[in-house]
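*Asks:*
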Amino acid sequence: MLVVEKNNLSYEIERMVKEYGSDRQSLLQILQAVQKKYKHISDFAQQEIARMMNIHPVEVYSVISFYSFLSTEPKGRNIVRLCKTIACDMAGKDAVETAVKRELGISFGETTIDQRVSLEYTNCLGMCDEGPAMLINEKVYTHLNPEMAVNILNEIK
Amino acid sequence: METTLKTSKKRTGPVLFSNYQQAYGIKKAIELGRENILLELKDSGLKGRGGAGFSTATKWMLSAAANAEKKFIVCNADEGEPGTFKDRVLLLEYPELVFDGMVIAGFTIGAKIGIVYLRGEYEYMLPLLEGFLNNMKEENLLGKNILEKEGFDFDINIRLGSGAYVCGEETALIESLEGYRGEPRNRPPFPVNTGYLGYPTVVNNVETLASIPHIIYKGGEWFKKNGTDKSKGSKLFSVSGDCGKPGVYELQWGTKINELLEIVEAKNCKAVQVGGASGVCLPKSQFNRSLAYEDAATGGSIIIFDENRNMLKILINFMEFFVEESCGQCTPCRVGNTKLLEGVKNIEKDEYTFSYINKLKELGKTMQAASKCGLGQSSPNSFISILDNFKEEIFYSNSKGIKNVKA
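Chains as they are written, first to last, in the numbering used here: chain A, 1 to 157; chain B, 1 to 407.
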């Protein structure tokens with residue numbers, strides 16, 4: 001990472017710590033904010049958060065590793081999460097899954113080379129009556145069929 | 001189709017979906033005073049709607065009696081049980097019920113701060129809910145001296161989860177709010193004594209809180225007109241799977257599974273999963289059971305399977321869910337779920353003996369007894385009930401290796 005980038009990241013984290021507070025109960029909110037902006041929480045970011053909150057970096061890492069929406073590895077600009085729980089599965093998740101994989105040329109758990117999309121599975125999205133469902137970032141799309149899902153994915157930047 | 005805000009369909013139901021106007025419950029609560037609210041609540045017999053079914057009045061009384069400089073109300077909106085989506089409907093279409101319920105709870109136990117723990121998957125609701133809270137502030141339903149009542153201060157913050165099913169367990173939820181890994185704590189001490197940041201905390205399900213304004217405004221007597229002796233009032237059922245009309249239904253406690261199947265237009269139904277992945281799977285012969293705390297208990301999730309579904313595949317889906325969502329803190333749950341999943345996969349590959357299956361069922365019972373929290377205690381339910389109730393399909397059918405006919 002370039003020094004300029006490091007400085008910017010430190011500055012941004014400092015701003016977030018100021019916004020949410022440096023108490024331990026703000027940690028998850030800060031991590032969510034970093035994840036949202038930088039699509040992952042790098043080693044350097046973890047150390048900076050730990051330093052500013054006065055906790056051990058391992059504490060930060062342990063929290064990140066617990067939550068499925070937080071990651072230490074870079075993700076694409078858009079994170080697509082396809083629900084694989086029972087109701088969506090019965091409603092035709094498999095077909096959507098295959099179509100999406102083919103269209104993007106990647107498997108679930110991977111990111112496209114241009115960093116546009118990361119594909120992931122998720123557990124129940126609470127859209128069981130409208131499945132199959134997927135989240136793109138924080139937006140939820142329901143009643144999917146393979147063609148629709150691919151069209152939606154092709155539209156996101 | 002992107003789903004954000006629903007044009008609110010006209011819903012009808014005996015309690016939650018009956019008429020209510022914002023703030024009426026709060027006004028009535030101020031008139032009644034703290035003790036009368038607790039009495040009214042006790043009279044109503046309201047029990048927690050998240051699934052555990054603990055008496056709400058008792059929970060409130062314990063925390064109201066606690067002596068502490070700060071107290072908290074937490075709304076558990078970490079709805080993650082497969083097949084459950086009633087909280088989504090309540091939060092999107094009836095936020096006034098949930099938030100009024102929190103304000104009344106704060107007034108009753110003497111808490112100044114309410115926190116909504118909203119699951120990360122529901123982040124799209126955030127703008128709507130925050131806008132709604134701002135309106136409440138403008139109308140003096142939140143903030144200082146609510147409705148001119150001296151010293152009645154209450155504020156609501158929304159905090160997001162980050163995709164962990166186990167955070168629906170109340171102590172895990174509190175750990176998460178405090179910025180730690182969402183690992184359940186030992187209970188006791190219960191959150192009513194030692195909760196968020198060590199202060200007395202009432203953690204209530206979205207649906208429980210949404211029932212409060214109705215009970216306070218219309219009375220406990222009115223509330224318990226519905227339901228059975230041990231399960232008062234009504235329940236929101238999230239119905240999904242093989243049926244004509246999936247969705248959220250408000251029905252009385254005590255409704256028979258058969259009746260529900262008819263309402264949602266389910267045909268050729270083979271099995272019904274009551275209570276989500278952590279609930280039990282009932283075969284046709286048990287469809288005359290009623291949905292109530294004392295019979296087929298549920299947090300509201302009803303998943304319907306028709307004749308064409310492969311029960312073993314369904315069980316694999318459930319067990320994969322638990323293996324992923326177990327927090328890994330205690331061994332019965334972490335290792336147990338992995339072993340059960342391995343077992344189901346072995347059954348699928350037709351590599352098993354019946355003594356192996358019996359061992360696994362025993363393991364399931366050990367997990368029910370030895371796991372630290374509700375996740376591990378209830379995850380073997382579907383394993384045991386599906387293998388018991390559908391053994392003809394899974395073990396005796398001729399399409400499988402082991403046959404029930406002599407060679």
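Note that the Cβ used here is the ideal one computed from N, Cα and C, for glycine as well.
Small disclaimer: the values here were computed from a predicted structure and weren't measured.
Apply the 10 Å Cβ neighbour rule to R185 (chain B) and answer buried if 16 or more other Cβ atoms are within range, or exposed otherwise.
*Replies:* Position 185 of the second sequence, counted from the first residue, corresponds to residue 185 (chain B). Label assigned to R185 (chain B): buried.
*Asks:* Closest to L177 (chain B) by C-alpha separation, out of B:Q273, B:N36 and B:Y117, would be which residue?
*Replies:* On the second sequence, position 177 is the one that residue 177 (chain B) refers to. Closest option to L177 (chain B), Cα to Cα, is B:Y117.
*Asks:* Is the beta carbon of V272 (chain B) closer than 8 Å to that of I316 (chain B)?
*Replies:* Indexing the second sequence from 1 puts residue 316 (chain B) at position 316. Indexing the second sequence from 1 puts residue 272 (chain B) at position 272. Contact: no.
*Asks:* Since S18 (chain B) and H214 (chain B) should fall inside the 8 Å C-beta cutoff, what is the C-beta to C-beta distance between them, to a whole number of angstroms?
*Replies:* One-based indexing of the second sequence puts residue 18 (chain B) at position 18. One-based indexing of the second sequence puts residue 214 (chain B) at position 214. Confirmed, Cβ separation roughly 7 Å.
*Asks:* Identify which residue in B:L147, B:K365, B:L92 and B:I156 has its Cα closest to the Cα of A111 (chain B).
*Replies:* Mapped onto the second sequence, residue 111 (chain B) falls at position 111. The residue with the shortest Cα to Cα distance from A111 (chain B) is B:I156.
*Asks:* Can you pull the chain B residues whose beta carbon is under 9 Å from the beta carbon of R24 (chain A), in chain order?
*Replies:* What you label residue 24 (chain A) is simply residue 24 of the first sequence in a count that begins at 1. Going along chain B in sequence order, the residues near R24 (chain A) (Cβ under 9 Å) are E178, G179 and Y180.
*Asks:* Tell me, please, whether the CB atom of R88 (chain B) is closer than 8 Å to any CB atom in chain A?
*Replies:* As a first step, residue 88 (chain B) must be located in the second sequence, where it is residue number 88. Closer than 8 Å: yes.
*Asks:* By how many angstroms is the C-alpha of G299 (chain B) removed from the C-alpha of T84 (chain B)?
*Replies:* The count along the second sequence starts at 1 and reaches residue 84 (chain B) at position 84. The count along the second sequence starts at 1 and reaches residue 299 (chain B) at position 299. Cα-Cα distance, rounded: 8 Å.
*Asks:* Can you name the start and end residues of the alpha helix (DSSP H) that Y217 (chain B) belongs to?
*Replies:* Your numbering for residue 217 (chain B) matches position 217 in the second sequence. Counting along the chain, the alpha helix (DSSP H) containing Y217 (chain B) begins and ends at V206 to K218.
*Asks:* Determine the contact status of E138 (chain A) and E123 (chain B), defining contact as a CB-CB distance below 8 Å.
*Replies:* Here residue 138 (chain A) refers to the residue found at position 138 of the first sequence. Here residue 123 (chain B) refers to the residue found at position 123 of the second sequence. Closer than 8 Å, so yes.
*Asks:* Quick test of your reading: A64 (chain B) and I109 (chain B), contact by CB under 8 Å. State the CB separation rounded to the nearest angstrom.
*Replies:* Residue mapping note: residue 64 (chain B) aligns to position 64 of the second sequence, counting from 1. Residue mapping note: residue 109 (chain B) aligns to position 109 of the second sequence, counting from 1. Confirmed, about 4 Å.
*Asks:* Taking C-beta to C-beta, are F223 (chain B) and I257 (chain B) nearer than 8 Å?
*Replies:* Here residue 223 (chain B) corresponds to residue number 223 of the second sequence, with the count starting at 1. Here residue 257 (chain B) corresponds to residue number 257 of the second sequence, with the count starting at 1. Going by C-beta atoms, F223 (chain B) is not nearer than 8 Å to I257 (chain B).
*Asks:* Helix or strand or just coil, what does DSSP make of T122 (chain A)?
*Replies:* For the purposes of this step, residue 122 (chain A) is taken as the residue at position 122 of the first sequence. Strand.
*Asks:* Beta-carbon separation of F99 (chain B) and L133 (chain B) under 8 Å?
*Replies:* One-based indexing of the second sequence puts residue 99 (chain B) at position 99. One-based indexing of the second sequence puts residue 133 (chain B) at position 133. Closer than 8 Å, so yes.
*Asks:* Here's the rule: buried if 16 or more other CB atoms are within 10 angstroms of the residue's CB, otherwise exposed. What is L28 (chain A)?
*Replies:* As a first step, residue 28 (chain A) is located in the first sequence; it is residue number 28 there, counting from the start. Label assigned to L28 (chain A): buried.
*Asks:* According to DSSP, is T12 (chain B) helix, strand or coil?
*Replies:* Working through the second sequence from its first residue, we reach residue 12 (chain B) at position 12. Three-state DSSP puts T12 (chain B) in coil, outside helix and strand.
*Asks:* Classify M134 (chain A) as buried or exposed, calling it buried when 16 or more other Cβ atoms lie within 10 Å of its own Cβ.
*Replies:* Against the first sequence, residue 134 (chain A) aligns to sequence position 134. So M134 (chain A) counts as buried.
*Asks:* Find the nearest neighbour of A99 (chain A) within the set A:Q25, A:Q35, A:L144 and A:L70, judged by alpha-carbon distance.
*Replies:* Numbered from its first residue, the first sequence carries residue 99 (chain A) at position 99. Of the candidates A:Q25, A:Q35, A:L144 and A:L70, the one whose C-alpha sits nearest the C-alpha of A99 (chain A) is A:L144.
*Asks:* Interface residues of chain A around L260 (chain B) at Cβ under 9 Å?
*Replies:* Start at 1 with the first residue of the second sequence, and residue 260 (chain B) comes out as number 260. Result: empty, since nearest Cβ-Cβ is about 14 Å, beyond 9 Å.
*Asks:* Give every residue of the same chain whose Cβ lies closer than 8 Å to the Cβ of E110 (chain A), excluding the five residues on either side of it in the sequence, and list them in chain order.
*Replies:* Residue 110 (chain A) sits at position 110 when you count from the first residue of the first sequence. These residues qualify, in order along the chain: S118 and L119.
*Asks:* What separation, rounded to the nearest whole angstrom, lies between the Cα atoms of E93 (chain B) and K270 (chain B)?
*Replies:* In the second sequence, the residue the question calls residue 93 (chain B) occupies position 93. In the second sequence, the residue the question calls residue 270 (chain B) occupies position 270. The alpha-carbon atoms of E93 (chain B) and K270 (chain B) are separated by roughly 33 Å.
*Asks:* What residue does the alpha helix (DSSP H) around K284 (chain B) start on, and which one ends it?
*Replies:* Walking along the second sequence from the start, residue 284 (chain B) turns up at place 284. Element bounds for K284 (chain B): n/a, residue is neither H nor E.
*Asks:* Determine, for A77 (chain B), whether the minimum Cβ-Cβ distance to residues of chain A falls below 8 Å.
*Replies:* Indexing the second sequence from 1 puts residue 77 (chain B) at position 77. With 8 Å as the cut-off, A77 (chain B) does not count as an interface residue toward chain A.
*Asks:* Assuming G101 (chain B) contacts I212 (chain B) under a Cβ cut-off of 8 Å, what Cβ separation, rounded to an integer in Å, is found between them?
*Replies:* Position 101 of the second sequence, counted from the start, is the residue given in the question as residue 101 (chain B). Position 212 of the second sequence, counted from the start, is the residue given in the question as residue 212 (chain B). That pair is a contact at about 4 Å.
*Asks:* Report the option in A:Y61, A:K18 and A:I13 whose CA atom is closest to the CA atom of R181 (chain B).
*Replies:* The sequence position of residue 181 (chain B) within the second sequence is 181, counting from 1. Residue A:Y61 is the option with its Cα nearest to R181 (chain B).
*Asks:* So, are the CB atoms of G80 (chain B) and G168 (chain B) less than 8 Å apart?
*Replies:* Position 80 of the second sequence holds residue 80 (chain B). Position 168 of the second sequence holds residue 168 (chain B). Yes, the pair counts as a contact, with Cβ atoms nearer than the cut-off.
*Asks:* In the DSSP assignment, find the alpha helix (DSSP H) that holds Y356 (chain B) and state where it starts and stops.
*Replies:* One-based indexing of the second sequence puts residue 356 (chain B) at position 356. Segment F354 to A370, the alpha helix (DSSP H) holding Y356 (chain B).
*Asks:* Check this for me: beta carbons of I142 (chain B) and V103 (chain B), under 8 Å apart or not?
*Replies:* Here residue 142 (chain B) refers to the residue found at position 142 when the second sequence is read from its first residue. Here residue 103 (chain B) refers to the residue found at position 103 when the second sequence is read from its first residue. Before going on, a small fix: residue 142 (chain B) reads as Leu here, not Ile. In contact: L142 (chain B) and V103 (chain B) (Cβ atoms closer than 8 Å).
*Asks:* Against chain A, with Cβ distances strictly below 8 Å, would N317 (chain B) count as a contact?
*Replies:* As a working mapping, residue 317 (chain B) is identified with position 317 in the second sequence. Interface residue, yes.
*Asks:* Ends of the alpha helix (DSSP H) at K339 (chain B)?
*Replies:* For the purposes of this step, residue 339 (chain B) is identified with residue 339 of the second sequence, where counting begins at 1. Looking at the DSSP string, the run of the alpha helix (DSSP H) that includes K339 (chain B) is T331 to E348.
*Asks:* Alpha carbon to alpha carbon, what distance is there between N123 (chain A) and A149 (chain A)?
*Replies:* Here residue 149 (chain A) refers to the residue found at position 149 when the first sequence is read from its first residue. Here residue 123 (chain A) refers to the residue found at position 123 when the first sequence is read from its first residue. The straight-line gap from Cα to Cα measures roughly 18 Å.
*Asks:* May I ask you to verify whether the segment 237 to 251 of chain B touches the segment 29 to 41 of chain B, counting CB pairs closer than 8 Å and requiring at least 3?
*Replies:* Contact between the segment 237 to 251 of chain B and the segment 29 to 41 of chain B is absent, because fewer than three Cβ pairs lie under 8 Å.
*Asks:* Assuming contact is defined by CB atoms lying nearer than 8 Å, are C243 (chain B) and A277 (chain B) in contact in what I supplied?
*Replies:* Indexing the second sequence from 1 puts residue 243 (chain B) at position 243. Indexing the second sequence from 1 puts residue 277 (chain B) at position 277. No. Outside cutoff.
*Asks:* Between B:S385, B:S382 and B:A23, which lies nearest to E139 (chain B) when the distance is taken from Cα to Cα?
*Replies:* The sequence position of residue 139 (chain B) within the second sequence is 139, counting from 1. It is B:A23 whose Cα lies nearest to the Cα of E139 (chain B).
*Asks:* Figure out for me which residue from B:R49, B:K144 and B:M311 has the closest Cα to the Cα of D87 (chain B).
*Replies:* Sequence index remark: in the second sequence, residue 87 (chain B) carries index 87 (1-based). The residue with the shortest Cα to Cα distance from D87 (chain B) is B:R49.
*Asks:* Name, in chain order, the residues that DSSP records as bridge partners for K256 (chain B).
*Replies:* Locating residue 256 (chain B) in the second sequence gives position 256, counting from the first residue. DSSP output for K256 (chain B) lists B:S290 as bridge partner(s).
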